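In this note's numbering, the protein residues as written are -5 to 307.
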């Protein structure tokens, strides 16, 4: 059991430390709020696409493409989405807040706080399955977010806007480039491989430091009740139900850890940006990101420890 404890601690503790460094950077006024926002955009547009590419580049497509895992992951996201709607309808009357809550519950921070967990357990060279899942789930998140937020602000759904949000997403572009390199056996010159690898390695630590630097624990205010509901649903109820089902259905090893990365991660940072841009409750969305991210270091450790002791991975 002690060995299992250490494995799970090593998977989560580096994330916690990097986020604390980010908090210290912000408290030390080394970065302004505007600089944090610009750095976050740079990581999303430059470093994360390269990380997605790197994780798929040179991988065996047969190993990366696990159809059963992908179907289960998609089913979980859709199931959480549709089940959360009537629950949110019962506890919240404001349309903008409803949209923000639904998005906070189903949309996880798979990339920033999910992939590091899988990487810390299995290493950077064994994330092809996880990267392929990201390539499927992130577009699904985007499509559902546009539909949800447009619907609850009583806007008109524009199919082209949905298509554009998927096709222009830097993560999808990076993953698609990686898949193309695998399918057509394209190899980069050695110097470019080295540069891509170095830049991909920057993505996760930089993103976690920036996430810590963006924390503002004094912003809870009027959204306290709804924030607590969303955080509990996102970090406790969703992973509890979905991961138990995954273990029962026989998912093991990197497949199961990929599901932990997707289902037990906190609310996606991008959900705040989309809520702000699309006239939803931006304050609530931001608080869900902040407080779920802070709590996730502990809840993800607990889920990993529980299932590690069961022998699932």
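Where is the CB? At the ideal position from N, CA and C, for every residue including glycine.
Since this is a predicted model, take the numbers as computed values, not measurements.
DSSP places residue 192 inside the alpha helix (DSSP H), whose first and last residues are 184 to 207. Of the other Cβ atoms in all chains shown, 16 or more fall within 10 Å of the Cβ of residue 136; this residue is therefore buried. Residue pairing by DSSP places residue 102 opposite 261 in a beta bridge. Sequence-distant partners of residue 74 (beyond 5 residues in either direction) whose C-beta falls short of 7 Å from its own C-beta, in its chain, are 99, 100 and 232. By the CB criterion at 7 Å, residue 46 and residue 122 fall outside the cutoff. Separation of the CB atoms of residue 55 and residue 132 is rounded to 19 Å, and the pair is thereby denied contact status at 8 Å. Cβ atoms of residue 42 and residue 255 stay farther apart than 8 Å, at about 15 Å.
In the three-state reduction of the DSSP assignment, residue 59 falls in the coil class. Its chain contains 237, 241, 250, 254 and 307 as the residues whose beta carbon lies nearer than 8 Å to that of residue 301, once the 5 sequence neighbours on both sides are disregarded; these appear in chain order. Counting other Cβ atoms within 10 Å of its Cβ, residue 140 reaches 16 or more and is therefore classed as buried.
Just measuring C-alpha positions, the residue of 21, 30, 48 and 1 sitting nearest residue 186 is 48. In this structure, the alpha-carbon of residue 282 lies about 18 Å from that of residue 31. Residue 121 sits in coil when the DSSP states are folded into three classes, being neither helix nor strand. Counting C-beta atoms within 10 angstroms of its own C-beta, residue 280 has 16 or more neighbours from the protein chains shown and is therefore classed as buried. Nearest C-alpha to residue 146 among 89, 288, 96 and 212: 89. When the Cα atoms are used, residue 165 and residue 110 turn out to be separated by approximately 16 Å. In this model, residue 77 and residue 294 are separated by some 22 Å (Cα to Cα).
Between the beta-carbon of residue 44 and that of residue 168 there is about 6 Å, and that keeps the pair under the 8 Å contact cut. For the pair residue 22 and residue 206, the CB atoms are not nearer than the 7 Å cut-off. In the three-state scheme derived from DSSP, where H, G and I count as helix and E and B as strand, residue 109 is classed as helix.
Assignment of residue 221 by DSSP, reduced to helix, strand and coil, places it in the helix class. By alpha-carbon distance to residue 40, the top candidate from 163, 94, 269 and 10 is 163. A direct Cα-Cα distance of roughly 21 Å separates residue 57 from residue 182. Rounded to the nearest whole angstrom, the C-alpha separation of residue 266 and residue 119 is 31 Å.
Counting the other CB atoms within 10 Å of its CB gives residue 92 a total of 16 or more, which places it among the buried residues. If you ignore the 5 residues before and after residue 156, its C-beta comes within less than 6 Å of the C-beta of 137 and 140, all in its own chain and listed in chain order.
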